[in-house]
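Student: Residue numbers (the UniProt record's numbering): 1 to 313.
My structure is below; once you've seen it, I'll send some questions.
Listed below in structure tokens is the structure:
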């Protein structure tokens, strides 16, 4: 499959963006189905292993350059833990307590948390009126999703905070990538494949100690694992790379607005999940805050944005 969005069999990059949003949105449905038969660690291990099995042949076919230095593999191994092992497992754990719809909405907080860390840790990042307003709106959205007026306690609280922690790990991973991986002499495809491979090996060692082995393999759960790994991890990585190459990272980041929509529709239609009014409204407020932080909306007043400043995605 050709990665470039231009001239690919899937059409232009906007079409690929919708497909990517649908795949990632339905990943929360797949996680929920897989959780019925497998532990969170087993779900993540299968997801990583299947995703690696999809990406590595693609890598060999494209004859992509692979970094050879032990330092590069160590850095990518850490990225695999931060980007894949921990957040994937946390989301799988969270969905044993909350709906797939709510987990998909929580995922939208990742860019906001990334901006917070980038402002704190990266000297090149500067706050603007819009970014500060966006962060405040994002906080309001998080409070709406948590709806503390209903009482904070029980299994749902554990699931909510597991999702928030997963999004925080994604944020740490993005900042880590900008700091340590941006100069590695290799393509995005090879970096992604090695990241998934090292994450798979790491979790394969730990998983037997994190719970009993499954004794049954119901078809819906197995198919969910295949979809989660082959589509939500393997194919999704290739689509994302194609969009970045065709339209740039800023355009590619707009998939963040699409994923919660597909996650919500999938959970409501296929699982019959119910949500309160505060959850979709909170998610919409988070997305509005995200639009402000990314500069897609402007807060009234002058924006003290230095020339050449890069927007966080």
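Think of the CB as a built atom: it goes at the ideal place given N, C-alpha and C, for glycine as much as any other residue.
Do residue 104 and residue 263 count as a contact pair if the criterion is CB distance below 8 Å?
Tutor: Contact flag set, yes.
Student: Alpha carbons only, please: which of 256, 295, 187, 237 is nearest the one belonging to residue 72?
Tutor: The residue with the shortest Cα to Cα distance from residue 72 is 187.
Student: Give the range of the alpha helix (DSSP H) segment to which residue 16 is assigned.
Tutor: Counting along the chain, the alpha helix (DSSP H) containing residue 16 begins and ends at 13-35.
Student: Would you please verify whether the beta carbon of residue 287 is less than 8 Å from any beta carbon of chain E?
Tutor: Judged by its chain identifiers, the structure shown contains no chain E, having just a single protein chain.
Student: Return the CA-CA distance between residue 164 and residue 107, expressed in angstroms with no decimal places.
Tutor: Straight-line Cα distance between these residues: approximately 8 Å.
Student: Below 8 Å on the Cβ atoms is my contact criterion, and I expect residue 102 with residue 270 to pass it. Report the Cβ-Cβ distance as a whole number of Å.
Tutor: Residue 102 to residue 270, Cβ: 15 Å. No contact.
Student: Going by other Cβ atoms of all chains shown within 10 Å of its Cβ, with 16 needed for buried, is residue 65 buried or exposed?
Tutor: So residue 65 ends up on the exposed side.
Student: If contact is defined by three or more beta carbon pairs under 8 Å, each pair taking one atom from either stretch, is the segment 200-215 in contact with the segment 18-27?
Tutor: No, they do not touch.
Student: Taking buried to mean at least 16 other C-beta atoms within 10 Å of its own C-beta, is residue 307 buried or exposed?
Tutor: Annotation note: pLDDT 34 at residue 307 (below 50); position unreliable, coordinate value reported separately. Classification for residue 307: exposed.
Student: Hey, would you say the C-beta of residue 85 is under 7 Å away from at least one heavy atom of the ligand GTP?
Tutor: Among the components modelled here there is no ligand, and therefore nothing to report on the ligand GTP.
Student: Excluding the 5 residues flanking residue 166 on each side, which residues of the same chain have their C-beta closer than 6 Å to its C-beta?
Tutor: For residue 166, where only same-chain residues beyond five positions count, the Cβ hits under 6 Å are 87, 90, 91.
Student: What are the boundary residues of the alpha helix (DSSP H) that includes residue 141?
Tutor: Its alpha helix (DSSP H) spans residues 129-146.
Student: Mind reading off the beta-carbon distance from residue 20 to residue 193? Whole number of angstroms is fine, and I expect it under 8 Å.
Tutor: 18 Å between Cβ atoms; not a contact.
Student: What are the boundary residues of the alpha helix (DSSP H) that residue 281 is part of?
Tutor: Segment 278-293, the alpha helix (DSSP H) holding residue 281.
Student: Could you check which residue in 169, 39, 16, 17 has the C-alpha nearest to that of residue 225?
Tutor: Checked all of 169, 39, 16, 17; the closest Cα to residue 225 is 39.
Student: Figure out for me which residue from 178, 37, 132 has the closest Cα to the Cα of residue 83.
Tutor: Among 178, 37, 132, the Cα nearest to that of residue 83 is on 178.
Student: Compare the beta carbon distance of residue 135 and residue 242 with 8 Å and say whether it is the shorter of the two.
Tutor: In this structure, residue 242 does not lie closer than 8 Å to residue 135 by Cβ.
Student: Does DSSP put residue 100 in a helix, in a strand, or in coil?
Tutor: Helix, per DSSP.
Student: Have a look at residue 221 and residue 37 and give me their C-alpha separation to the nearest angstrom.
Tutor: Approximately 6 Å, taken between the alpha carbons.
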